[in-house]
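In full-length UniProt numbering, the protein residues as written are 1 to 516. Don't be surprised by glycine CBs; every beta carbon is placed ideally from N, CA and C. Every value quoted in this text rests on a predicted model; they were computed, and no experiment measured them. Below: one structure, written as structure tokens.
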Ligand code: DCT
Ligand code: MG
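Here it is as structure tokens:
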């Protein structure tokens, strides 16, 4: 029997008509210059093809709208090699020896990997040299191997490698809109759906891929279907054009403005920040004043605070915090928490947890005061809101999944000079030479440090599901201070995050796998 071989045919006839037609209009950056893809519409359909093209372009692949001489890879679905060859013959095209004929499974694997993967026999469309009949099974798309996925984010590993951003961006917007409208139930539905999709090791390509996944009800599936068919969601489009959503999004981007203030401004008919700032009748809190403006010129803090903090800036802030803390409590442990601990490259603020095994209660209570006074003297403290501890030992943890903790903490805006940021030379920068950065410092008792670290590492969805899991699956109550076992009527102590996961009977999830 002849062994299957990859299809390599003679040189293609040049077809000037199709020369130069390309996906060059795409706004996406091309990351893989060596590959030029063409996706065959035959047996696939226009909308699915458009969806796959958009997906591949988003991942940095060059995808041509029409078959041109530059194409290096033809991708087909439900077509055998001979189907594709027949189609090429009908187009009066001869496949060149360099042209790869591939099954959609290759593209799916590439989408999963976020880069071109090696073409194996499984991917290549092959013909037997004795006949043009397809190899059995070669035209079938293997469904991605779906393991049973938990409804709890704390039982999923969610890295920053999101294969379903097209969908999760949509659900994040819909959840935010529900948050603005205080539709808690619907908000949770969209947040959970986004969270499940972020954890998938493969991109959703068809509705079949959603089978067996948790937290995807009819409403969610309907939106996924819309995006697969049209490349975008009409619901999301409507939200993005909605007056209330747009106003709330703008107003809550100001530090210190929550839903209540946004609602008030919206009802008063405001739609822009400049109108709000110039209105003499409005009263602002200290926080909102800091968020809206500064002494120099109008919106400088605002501009700084809405532009995200990058990792180099976060590292520079970390040095600043560690230096200041060490001045007053040399043994204190300072850990960067929040999104940066989860490996994010940007964030809206930089979060730190501080604890000390040696400090007396008095020294512990004084530290944040001393540190902030130190920065105030240096002119680095642009805003400070220090909240004293209301922590009580052996108080039962809170049952509420979104409860705030009782640790002493301060919400700050610090002045970060460009010269302190790696890669940014001082004096070479244009403008004011520094950037306002939001910083949260949390001081916790030494025995709480593992719980506080777990709580302040996030993501918020991960934390919610940890607490929900503890309550519903383990009859335990978890918060940022402690873990209480209701069956044993006892607090379970922990020296590390690993021990907390072990108490809960969960596999350990690393911080960078908590981006739920
Ligand atoms: N957190 C908490 N109690 C608060 C605020 C936050 O337990 N009062 C937890 C939840 C997530 C973590 O701390 C960090 O919070 P954020 O900074 O809001 O989130 P992030 O994941 O760091 O996101 P970003 O990158 O936008 O800062
Ligand atoms: Mg943060």
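- prompt: By Cβ distance, which residues of its chain are closer than 7 Å to residue 59, with the 5 residues on each side in sequence left out?
  reply: 111, 114
Which first and last residues belong to the alpha helix (DSSP H) in which residue 119 is found? First-last for residue 119: undefined, no H or E at that position.
Look at the Cβ atom of residue 329, then the Cβ atom of residue 235, and state whether they are nearer than 8 Å. no
field: Neighbourhood of residue 469 by C-beta, 8 Å cutoff - its chain only, sequence neighbours within 5 removed
entry: 152, 154, 155, 504, 506
Distance, residue 41 Cα to residue 66 Cα: 10 Å
Exercise for the section: Identify whether residue 514 lies in helix, strand or coil by the three-state DSSP scheme. Expected result: strand
Point to revise | the region 344-356 in contact with the region 374-382 per 3-pair CB rule at 8 Å | key: no
* **Nearest candidate by alpha-carbon position, reference residue 181, set 442, 212, 260, 61** => 260
Residue 249, enclosing alpha helix (DSSP H) - first and last residue:
243-251
(message) With a threshold of 7 Å on Cβ separation, who are the neighbours of residue 500 within its own chain once the five nearest residues in sequence on each side are excluded?
(response) 450, 451, 454, 483, 494
Exercise. Less than 7 Å between the CB of residue 460 and some heavy atom of the ligand DCT, yes or no?
Worked result: yes
Problem - Heavy atom of the ligand MG within 7 Å of residue 256 beta-carbon - result: no
Under 7 Å: does the beta carbon of residue 404 sit that close to some heavy atom of the ligand DCT?
yes
#### Entry: Burial state of residue 29, where buried means 16 or more other Cβ atoms lie within 10 Å
exposed
Check the C-beta distance from residue 519 over to residue 72 and give it rounded, since I have them as a contact under 8 Å. This structure does not reach residue 519, given that the chain is present from 1 up to 516, and the question cannot be answered.
Query raised in the report: According to DSSP, is residue 128 helix, strand or coil?
Result: With a pLDDT of 41 at residue 128, under the threshold of 50, the modelled position of this residue cannot be trusted; read the value that follows with caution. Three-state DSSP puts residue 128 in a strand.
Open item on the list: Taking the alpha helix (DSSP H) that residue 91 belongs to, which residues open and close that run?
Closed with: Residue 91 -> no alpha helix (DSSP H), and no H or E assigned at all.
Determine the extent of the alpha helix (DSSP H) in which residue 191 is found, giving its start and end residues.
-> 184-199
Item to check | Distance between beta carbons of residue 359 and residue 336, contact taken as under 8 Å | outcome: Contact flag wrong, Cβ pair sits at about 20 Å.
| request: Could you check the C-alpha separation between residue 465 and residue 324 for me, to the nearest Å? | output: 35 Å
Compare the C-alpha of residue 227 against each of 478, 35, 47 and name the closest. 47
Three-state secondary structure assigned by DSSP to residue 179:
helix
Can you round the beta-carbon distance between residue 306 and residue 253 to whole angstroms, since I take them to be within the 8 Å contact cut?
5 Å
Q.
Quick check for students: name the residue ranges of the alpha helix (DSSP H) that lie wholly in the region 356-423, counting only runs of 4 or more.
A. 361-377
message = I'd like to confirm something about residue 172: is its beta-carbon nearer than 7 Å to some heavy atom of the ligand DCT, or not?
response = no
Which value, in whole angstroms, describes the spacing of the CA atoms of residue 104 and residue 82?
15 Å
_residue 62 - DSSP class collapsed to helix/strand/coil_ = strand
- Looking only at C-alpha atoms, which of 223, 84, 204, 287 sits nearest to residue 386? 287
ask   = Within this structure, are the beta carbons of residue 486 and residue 477 separated by less than 8 Å?
value = yes
>> Closest to residue 201 by C-alpha separation, out of 213, 192, 481, would be which residue?
In response: 213
8 Å Cβ cutoff, residue 478 in contact with chain D
Note that chain D does not occur in the displayed structure, where there is just one protein chain.
- [ ] May I have the straight-line CA-CA distance separating residue 80 from residue 125, to the nearest angstrom?
- [x] 6 Å
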